[in-house]
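These notes concern the structure reproduced below.
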Amino acid sequence: MPLTTDTYSRIVTKPLLLVPVLCLFAVVAGSFAHAQPDQADAADPAEQQQEEKRPARLLRLRLPITGNADSAFRSMLDRTRKQLLAEPGNGQRPVIVIEFVPLAGADGFGQGTDFSRAQSIARYLTSTNMTGIETCAFLPQSIKGHNVLVALACEKIAIASTAEFGEAGIDEDPTRPIDPAVIEGYRQIARDRRTAPEAIVVGLIDPSVEVLKVTTEARNEYIEADQLEALEQKETVIDSTTLIPAGSMGLLSASEARDSGTVRLKLDTLDELARDLGLKDGSLSEAASMVADWRPVMYTLEGPIDASSQRRAVRLIDNEILMNDSNWIGIRIHSFGGRPSAAMGLASYLAEIGADNRRVVAYVPEEAGGVAALVALSANQLVVHPGAKIGGENGMPLDESQIAALRDAIQATIPNTTRTWSLLLAMVDPDLEVFRYTNTQTGAERLFCEDEAKQQSDSKDWRRGDPITTPGEVLKLDSDQLVAFDIVSHVVRNAEELNQIYGFESSPPEVRVTWTQEIAEGLASPGVAVLLIVIAFCGIYFELHTPGMGIGGFIAALAILLFFWSKATDGSASWLEILLFVGGMLSIMLEVFVLPGLGIFGLGGALMVVASLVLAGQHHLIPRTAEDYQELQTSLAVVATSGILMVVMGLVLRRFLPSIPILNEIMLTGPAGEELQQLNYRESLAEFSHLMGHRGVTTTPLMPSGRAEFDGELVDVIAVGSAIDRGATVEVVSTRGSRVEVREVQ
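Mind the numbering: the sequence shown is residues -35 to -1, 1 to 711 in mature numbering (1 follows the signal peptide of the UniProt record, and there is no 0), read in order.
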């Protein structure tokens, strides 16, 4: 078709009309392109770089792997994987770093791991269970034995520059060839992971295999010696050298392992590893606390919690910390509750010591019910068995005043814990509503009541979610809920898994009550305390009636010693009570033997003795709580009962003791029967008027009564006026029957 003018105009003009549009688009696009760098520059470069880094966790595998340690470690891997995958990510795979830590042993290389245990963990690491997670083995020191298999099952291996890696079959019987099933297990892991050459992997376990490094025109390759001929038929072999000679299992240095491709990274610290892997800052910070040289102990809290069990726990744990410098305190709890003040006191104590470079771990196999939940939640970490329960109805009902007191105590304790006070209070307050709150800025979740949520500095960022409490019921959580609310640190099936988590070679030593402590606790009971006081009184009574024998005095001293020792061990008696008792007894003795008079010393001494016995039975000088008042009532009841029994025993001893054979011959007894009647008759006829005006010498101090000698005759006299010393010259000034009054002659 011929090209006309109109046609030409349409062809040329229409494209020209698009030029302004294209120019406008170019300007907008250019402005947008320039705006993007400005926005990027406005953002914090450090924050942007941090967001690009990967989340990670550090797990420590204690070597050797024995018992059920493999299943415990698999559980740790699974929980860690779920936690990492639940975190907000940036499209990069999270990392689990497994640090191999040989425990102190004969060689320090972690030998002694059973093949089946190592294979169990290795298979789990290469299975689909670990999909979405990158694994990296970190070897800060040399390892040998079947631990090598676990390291080979990781996607990457990082080794310290001075460490060695190999001799996987060192624990096998050297007189027999390696079991083919074991060798095949290593081959299978090498094929599944494909990070280390299969020939080298076999050379690490099988001493009958020679491993060669072969250089061909295309590459370097590691093969078994019997594969060399087949390789030469396919490719031109330029050179071959022996890496692992036959007759010995391979043991590779860090450089050899890196050069051969068996390990990817050669570095010495976790910080270097974190930088190399591009991990988030602080993701491996748990290393410092987890690698601690634990000195563990385990204390079992069983039955209802009362003041006695609280004091016993504090006393025994304090003793372990003082004597053995224990820094890992385990509290195994089997309790349905108890007295709120006692439980809260123990909870505050555990929170306090847990904040002082120690780790307190609450271990709940079955139940920590009622106020026992406060003890469990006050620890640094909570470990439970599947199906275990925390909280629920207390064994002893709580009234409003007790709940109010607990609220104040919980809020004072919370700064030393990682919990919210709402969570702890919900365990004892059925009227408290607790909700799941989510931070709109960080995505963090916490358990708050409305009051605590308002107390947060960023309260506007917290959005209230579903309630976790039921109106009118105290909070009770099972193991699944504890995991869902991120309250529990670990869920284990047995104590062996607990030991594996914290890297203990064996179960922590149990803190047990010694036989002396058991005796002290028995003697401190109210009934035995009454018995000791009565025995002491009987001993004193017997000693006063058998002077010089010492039997009664010894028994009395022993009873008093046991009484105050048991109270001091129980924590209710101190130097105050002991000094009050000693001072009171000295005052009574002064009144009786030295300063007879108005009875001030006697009365004051008796009050001091009673006060010491009462105070020795209570832990607080001034009672404040209902438990304190109940303790005061018990202490008063002990002293009152002892007083009544002492009166009864005094009457019984006075009536029957003189008639007991043998004892009646050594006791001082006054005249009785006809002899007493004759003495009374003689005294009634006594006439001392002939002494009127006579002078004599006092043979005893006159306070005011005493004795004086007149012309060789001893006469009972009474001083007129002030007391008269012994040996003074006196004169008779009055006689009325048997009453003779004298005064001192100057």
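Glycine included, C-beta positions come from ideal geometry on N, C-alpha and C.
Helix, strand or coil: which one does DSSP assign to residue i?
i: K18; result: coil
i: S699; result: strand
i: S490; result: coil
i: T31; result: coil
i: L49; result: helix
i: residue 779; result: Residue 779 lies beyond the range of the chain shown here (-35 to 711); nothing can be said about it.
i: N112; result: helix
i: P666; result: coil
i: P67; result: strand
i: R297; result: strand
i: I516; result: helix
i: K419; result: helix
i: L281; result: helix
i: P59; result: coil
i: N404; result: strand
i: G268; result: coil
i: A581; result: coil
i: L560; result: coil
i: L24; result: strand
i: M657; result: coil
i: E129; result: strand
i: E163; result: helix
i: W427; result: strand
i: K245; result: coil
i: P142; result: coil
i: V682; result: strand
i: I689; result: strand
i: F621; result: helix
i: L389; result: helix
Quick one: residues in its chain with C-beta nearer than 6 Å to the C-beta of residue i, no 5 flanking neighbours on either side, listed in chain order?
i: A116; result: A102 and I122
i: E186; result: V179
i: M573; result: L545, G548 and G549
i: V399; result: S387, A391, L412, C414, I433 and T434
i: E542; result: S577, L580 and A581
i: Q406; result: D426
Out of the options, point me to the one whose CA is closest to residue i's CA.
i: L397; options: C414, A521 and G570; result: C414
i: F130; options: T140, Q420 and P67; result: P67
i: T181; options: S173, I203, V166 and A190; result: I203
i: T45; options: S107, D451 and R152; result: D451
i: I516; options: W530, A501, F529 and L527; result: A501
i: A693; options: T700, R701 and F675; result: F675
i: G226; options: V174, A161, L526 and M514; result: A161
i: V453; options: Q346, H111, E462 and I553; result: Q346
i: Y402; options: L527, V457, I108 and D426; result: D426
i: L42; options: R25, V707 and G56; result: R25
i: E99; options: A118, R58, S85 and Q106; result: R58
i: T700; options: V62, G658, R429 and Q711; result: G658
i: V176; options: P330, A211 and S624; result: A211
i: N292; options: L315, I298 and H299; result: L315
i: R428; options: K419, L447 and N404; result: N404
i: V478; options: E267, I525 and T91; result: E267
Under 7 Å Cβ to Cβ from residue i, same chain only, skipping five residues before and after it: list those, please.
i: L244; result: K18, R19, A21 and V60
i: residue 715; result: Past the boundaries of the shown model lies residue 715; the chain is included only from -35 to 711, so the question cannot be answered.
i: Q275; result: A307, G310 and L311
Rounded to the nearest angstrom, how far is the Cβ of residue i from that of residue j, given a contact under 8 Å?
i: F301; j: A337; result: 7 Å
i: I135; j: Q76; result: 6 Å
i: L363; j: I375; result: So it is not a contact: roughly 13 Å between Cβ atoms.
i: A128; j: L114; result: 17 Å between Cβ atoms; not a contact.
i: R277; j: M361; result: Not really, about 19 Å apart at Cβ, beyond 8 Å.
i: D535; j: A494; result: With a Cβ gap of about 10 Å, D535 and A494 do not count as contacting.
i: R708; j: E696; result: 6 Å
i: L217; j: L230; result: About 14 Å separates the two Cβ atoms, so there is no contact after all.
i: G32; j: E470; result: The Cβ separation is near 10 Å, so there is no contact.
i: M263; j: G295; result: 4 Å
Quick one: what's got a C-beta closer than 8 Å to residue i's C-beta in the same chain, skipping five residues either side?
i: E596; result: A272, G582, Q583, H584, H585 and P588
i: V174; result: A164, V167, G168, E189, A190, I209 and A211
i: I148; result: V167, I170 and D171
| alpha helix (DSSP H) segments (min. 4 residues) lying fully within the stretch 168 to 230 | 193 to 199 and 219 to 224
| message | Report the start-end ranges of each alpha helix (DSSP H) in the stretch 458 to 513 that is 4 residues or longer and not cut off at the edges. | response | 460 to 467, 480 to 488 and 491 to 510
| query | At which residue ranges does the stretch 310 to 378 contain complete alpha helix (DSSP H) runs of 4 or more residues, listed in the order of the chain? | reply | Qualifying alpha helix (DSSP H) stretches, in chain order: 337 to 342 and 365 to 378.
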